[in-house]
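I have placed the structure first, in the form of structure tokens, so that the comments after it can refer back to it.
Residue numbers (the numbering used here), protein chains in the order written: chain A, 1 to 317; chain B, 1 to 295; chain C, 1 to 257.
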């Protein structure tokens with residue numbers, strides 16, 4: 001176990017940082033907000049942390065905190081500007097935002113190191129640290145997926161007009177998702193940069209958007225678990241199958257296109273669907289917990305005798 | 001004056017690229033994220049073949065156009081049509097088409113990247129040679145002339161075709177209301193694949209001309225151009241071909257100015273900033289009538 | 001349109017619209033409507049397609065911005081509210097086409113009605129569950145609690161939507177074409193449900209095409225055309241009114257009368 005960990009600690013690290021980046025894009029998508037601003041925030045967080053660390057001599061965690069918070073604040077302000085845009089327009093505006101970050105970094109002179117970027121920003125971050133940060137983010141996201149919070153977010157995504165009619169402040173949800181996405185993206189950028197010790201403007205490009213999307217699309221966009229599956233998939237597949245490493249971009253291209261066509265819910269969606277279908281089939285011979293709910297498949301609308309004394313058919317309706 | 005001429009050449013290539021994208025987006029509602037990859041791959045195919053057989057300029061252009069058209073039509077047929085059939089609403093279709101396009105784009109780009117080892121490629125083996133004319137103190141190459149004539153000519157031709165011809169009318173009908181259009185006997189699927197073929201052909205044309213004009217093309221050119229084209233379309237207003245023409249030349253002009261001011265590293269910020277500015281100040285663009293969907 | 005003069009003598013008005021207008025550019029979808037909803041009554045709005053009924057529902061829920069006029073609920077002017085605050089005041093609605101979360105169970109869909117209107121404490125959540133259970137019993141869909149909506153018949157989907165609205169425990173329920181696409185038996189069930197809700201004092205506003213159902217269910221009918229109110233009163237009288245017959249009913253009226 002320990003041998004396995006030491007042998008793979010770099011891949012494990014890459015899995016965790018990729019996952020953080022993907023989560024920063026997944027959260028807005030779950031809210032139906034087509035924002036890729038998380039990628040720009042990755043750049044902001046990374047650069048801010050590297051500058052704070054190398055130019056101002058801040059400690060590792062102060063630098064990370066700076067990067068995270070600045071990215072969150074800027075992303076929130078961006079959200080105030082663009083939250084009324086929808087669909088592709090929002091998507092492109094936020095991609096443009098990410099690329100502007102890259103252009104600004106290129107032109108930042110000695111502060112950002114210009115086109116060659118910043119070096120020597122090796123902070124004291126271990127895999128355990130990244131794991132703990134990731135755990136905090138995932139716990140937060142898991143809360144937002146469970147119970148009434150999860151239902152409300154689903155409604156905001158699936159049907160904003162219905163959400164409003166149910167009393168949900170859709171505008172506030174949309175704006176706050178920019179803040180949360182910026183914080184997660186900034187954290188991902190800051191941690192990744194101080195782990196690798198460098199950041200260059202070329203890293204904050206369209207390709208990073210593609211990586212983040214790939215993770216989410218393969219795994220599934222509805223839950224952090226999907227992003228986790230996706231992150232594991234794309235960081236581990238090349239290590240397991242060596243021919244994948246050579247043809248990596250082509251294989252990912254195919255996988256992403258196929259997932260977009262056939263598996264909009266990703267691997268997670270597929271598993272959930274299969275489980276649901278199996279559950280429904282079992283329903284015809286009443287299982288202990290789900291039984292009372294599922295009428296036989298062949299006559300789904302037959303009036304069921306009510307278990308409660310309230311006359312549900314003749315009386316109320 | 002010389003700058004103006006250069007702007008005109010640059011703008012014409014932008015225009016050819018953006019026209020195809022705008023055509024597909026404003027009529028059949030497909031914003032093809034593989035458009036940039038098709039642009040690169042078409043030019044690369046011509047380069048690849050011309051390395052074996054010396055080809056004339058028209059032959060190279062023809063190859064590039066055909067490859068572009070085929071690739072684009074295939075993308076529509078194999079990826080976007082199935083997505084449209086399987087999507088429960090417009091919003092999810094939009095997202096899936098964007099992602100599908102990104103996935104499709106990765107494949108030809110990776111092939112080119114692998115084949116060229118990330119080095120820029122050109123048409124070194126072509127029989128075409130650049131000539132420089134001097135007219136009234138202006139230096140103009142034959143390539144620039146061809147680019148400008150093709151760009152402006154095709155843009156005007158396409159605009160008129162959309163306005164006047166029966167097919168153009170049918171296509172615009174799809175853009176307005178696809179259900180009614182299909183009731184009126186417009187075969188949406190065939191139309192869509194045909195439109196995408198035209199769009200891809202234009203990308204192929206733009207790709208070949210760009211290589212002739214600049215002597216070389218890098219693999220990453222496609223993605224940059226994709227975002228620039230979006231800026232042009234949004235600036236002009238979705239649904240207006242005249243808007244695309246204006247957008248292409250405004251962007252080319254602004255970029256030339258930035259270069260003239262010796263701020264070349266900021267040049268990409270122009271298009272990104274433009275996207276922002278237009279979407280925030282006038283989301284329907286300069287000529288756009290169609291309301292941008294807002295909530 | 002002048003207000004009915006017997007206003008004061010009638011039961012308390014829970015909702016009042018005064019000179020409400022919604023114009024889209026040059027189109028006057030709703031053009032100066034004034035009416036009240038008496039507490040505990042079912043009021044129906046009748047009108048041909050495009051007469052402005054749905055826009056009116058949108059205006060009442062603040063989805064559609066008012067061009068002019070005031071909206072009053074429980075005596076308070078709420079015409080400046082943002083749309084998501086309206087449900088918090090006690091106004092719930094259903095939609096012309098059933099809108100549910102297809103990937104959530106029926107129970108969760110009904111719980112959605114309570115999610116924004118009650119707190120997240122343990123006791124409150126238990127209460128919300130009870131409310132959802134009661135709402136499902138009332139609409140006869142509690143045996144479907146664990147099903148997913150995409151597996152249900154249209155009638156059952158409509159029940160779930162009404163259950164969700166009831167779970168909001170509204171003081172006013174707006175029902176937009178509740179029986180569209182239903183058979184006669186199902187329509188009668190919906191009608192019976194509305195009347196039983198009325199018996200408990202719930203005020204309802206129904207927009208509907210089915211004249212028979214409207215006459216059977218409503219206490220008061222309002223007939224609209226071209227964004228204006230043409231007749232208001234006792235359902236049978238409204239249906240027989242020549243102006244209404246001309247505007248909306250046409251040949252249909254002859255069959256019904």
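Every residue gets a Cβ at the ideal spot worked out from N, C-alpha and C, and that includes glycine.
In the assembly as shown, residue 228(B) is a buried residue. Its beta-carbon has 16 or more other beta-carbons within 10 Å. Interface criterion met: the Cβ of residue 116(C) is under 8 Å from a Cβ in chain A. Under the Cβ distance rule, residue 256(A) counts among the residues neighbouring chain B, one pair being separated by less than 8 Å. A Cβ of chain C is located within less than 8 Å of the beta carbon of residue 158(A).
The alpha-carbon separation between residue 143(A) and residue 267(A) amounts to approximately 22 Å. Neighbours of residue 87(C) in chain A, taken as residues whose beta carbon is under 7 Å from its own, are 165, 166 and 167 in chain order. A distance below 6 Å between beta-carbons, with the five flanking residues on each side excluded, links residue 181(C) to the following residues of its chain, in chain order: 154. Counting C-beta atoms within 10 angstroms of its own C-beta, residue 12(B) has 16 or more neighbours from the protein chains shown and is therefore classed as buried. Shortest Cα-Cα distance from residue 59(C) to any of 46(C), 49(C) and 19(C) involves 19(C).
Among the residues facing chain A, residue 129(C) is not included, as its CB has no counterpart in that chain under 8 Å away. DSSP lists 23(C) as the beta-bridge partner residues of residue 28(C).
Counting only runs of 4+ residues, the alpha helix (DSSP H) found wholly inside the segment 42-107 of chain A occupies 60-82 and 87-106, in chain order.
Look at residue 278(B) here: in three-state DSSP terms it is helix.
When the beta-carbon positions are compared, residue 217(A) and residue 190(A) stay at least 8 Å from each other.
For the segment 61-75 of chain A, the set of residues with a beta-carbon nearer than 9 Å to any beta-carbon of chain B is empty.
At least one CB of chain B lies nearer than 8 Å to the CB of residue 217(A). Contact annotation: residue 74(B) and residue 41(B) have beta-carbon atoms that are not nearer than 8 Å. Taking one beta carbon from each stretch, the segment 23-32 of chain C and the segment 154-173 of chain C have fewer than 3 pairs nearer than 8 Å; the two do not touch.
Contacts between residue 113(C) and chain A, judged by CB atoms closer than 7 Å, involve 166 in chain order. With a 10 Å radius around the Cβ and a threshold of 16 neighbouring Cβ atoms, residue 170(C) comes out buried.
In this structure the segment 117-127 of chain A does not lie against the segment 221-234 of chain A, because fewer than three pairs of beta carbons, one per stretch, are closer than 8 Å. In terms of CA proximity to residue 22(C), 68(C) leads the group 139(C), 14(C), 39(C) and 68(C).
Judged by DSSP in its simplified three-state form, residue 194(C) adopts helix.
Excluding its 5 nearest sequence neighbours in each direction, residue 49(A) has C-beta neighbours in its own chain below 6 Å: 63, 64, 67, 190, 193 and 194, listed in chain order. Cα atoms of residue 202(C) and residue 129(C): separation of roughly 21 Å, rounded to the nearest angstrom. For residue 273(B), the residues of chain A that pass the 8 Å Cβ criterion are 96 and 100, in the order they occur in the chain. None of the residues of the segment 189-216 of chain B has a beta carbon lying less than 9 Å from any beta carbon of chain A. Per DSSP, residue 156(C) lies in no beta strand (DSSP E); the unbroken alpha helix (DSSP H) holding it starts and ends at 154-167. If you compare the alpha carbons of 61(B), 155(B) and 48(B) with that of residue 14(B), the shortest gap goes to 155(B). The continuous alpha helix (DSSP H) containing residue 135(C) extends over residues 122-139. Neighbours of residue 265(B) in chain A, taken as residues whose beta carbon is under 7 Å from its own, are 106 and 107 in chain order. Between residue 213(A) and chain B, the shortest Cβ-Cβ separation is below 8 Å. At least 8 Å separates the CB of residue 120(B) from every CB of chain A. Contact between the segment 123-138 of chain C and the segment 237-250 of chain A is absent, with fewer than three C-beta pairs closer than 8 Å.
Fewer than three beta-carbon pairs drawn from the segment 152-171 of chain A and the segment 99-116 of chain A are found closer than 8 Å, and the two stretches are therefore not classed as touching. In the three-state DSSP reduction, residue 154(A) falls in the helix class (H, G or I).
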